[in-house]
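**Student:** According to the working numbering, the sequence shown is numbered sequentially starting from -18. Quick reminder that beta carbons are idealized off the backbone N, C-alpha and C, glycines included. All values reported here derive from a predicted model rather than from experimental measurement. Have a look at the structure that comes next, please.
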Amino acid sequence: MCRILISSFNTDKIDVFKDILNSFIKSSERDILLEKLSNRSSHSDGWGLASIGLANNTPSILFHKTLLPIYHSQSRDIVELFIKRMELYDNIKVIVHSRLSSRREPYGERYSHPFEVLENNLTIWFIHNGGVDKKELSKEIGINPYYYSDSWISAIYISKYLNKCVEKETDLDNCVIDSYRNLIKYTIENSALDTGLLLLYKDTPYLYTSFYVKGYMEMNDDRKEYYNMYKYVEEGFIAVSSSTVKYYSSRDFSLIEQGLYSIRNNNLVKLDSYQ
């Protein structure tokens, strides 16, 4: 159970991002929706950030993850460092994750999100809220399911799929669509494939987000709301986030439909529907 934030913006909107990120931090420290589903309230098992800034159309990577909670004082200082760095660029694409790990999953800094995977043709950074059948998915790529978390295995799967796909498919979006259609098959019942995918391909950054819940219609309202994804849009800025963020923000977030989206030109473009 995790919280995620995906955003793209021109840097004159950095204050908007700071405000929403602050809401994200508050929602990680006390998740009022998580409290309704469990005896826990905080996402205390690490956090991370991956971002690509453009300076005169040249990409620059910003990346950090730690086992500390995002609401820890040291983490807040690190967040401020990254905010200052972001101010140097013309446009920013960024994904942020705050983790609450299952006792069935491995624990440690390396298991904090985002997961960075480098292949010959591209590099991805991946964040995930939900669960997949990692034993079955690990068979697809030939790795030990106990050494990796389910989200890390998902990241490796997507990366390997995309790396092969772009060698024969000219449209990157189609490759991402197909990789997610395959990954959905491994989503656990009553869980989700809520994700953010940041990608660097041929010196160009790309940003995607997905919202999919398996067994959504049979869930009670509290669990539905926990997995729901919301967006906030204004000129030059877009953010998509886990539901709890909107409860700590004064901004007008709206529910998105289940599906896979590309975030381009600070807009949300639906690529595939999961309704």
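(1) Contact between the segment 97 to 109 and the segment 54 to 70: three or more CB pairs below 8 angstroms?
(2) Tell me whether R85 sits in a helix, a strand or coil according to DSSP, three-state version.
(3) Is it the case that the Cβ atoms of N(-9) and N246 are separated by a distance below 8 angstroms?
(4) Which same chain residues end up closer than 6 angstroms to Y213 when comparing Cβ atoms and leaving out the 5 residues on each side of it in sequence?
(5) With C-beta atoms as the reference, is Y70 less than 8 angstroms away from I6?
(6) For N20, which option in M(-18), N72, T190, K205 has the closest C-alpha, if you only look at C-alpha atoms?
(7) Taking DSSP's pairing of strands, which residues face M210 in a bridge?
(8) Taking the continuous beta strand (DSSP E) assigned at P52, which residues delimit it?
(9) When the distance is taken between beta carbons, is I108 closer than 8 angstroms to I(-15)?
(10) Please determine, among K116, K205, S243, Y189, the residue with the shortest C-alpha to C-alpha distance to K166.
(11) Quick one: using the 10 Å Cβ neighbour count with 16 as the cut-off for buried, is N37 buried or exposed?
(12) Using C-beta distances below 7 angstroms, list every residue in its chain close to K251, excluding the 5 sequence neighbours before and after it, in chain order.
(13) Answer yes or no: do G196 and S93 have a C-beta to C-beta separation smaller than 8 angstroms?
(14) Are N110 and D175 close, meaning C-beta to C-beta below 8 angstroms?
**Tutor:** In short, the structure shows the following:
(1) no
(2) coil
(3) no
(4) A220, R232, F234
(5) no
(6) M(-18)
(7) S223
(8) The residue asked about is misnamed: residue 52 is Tyr in this sequence, not Pro. No beta strand (DSSP E) holds Y52; DSSP gives it neither H nor E.
(9) yes
(10) K116
(11) exposed
(12) G240, Y242
(13) no
(14) yes
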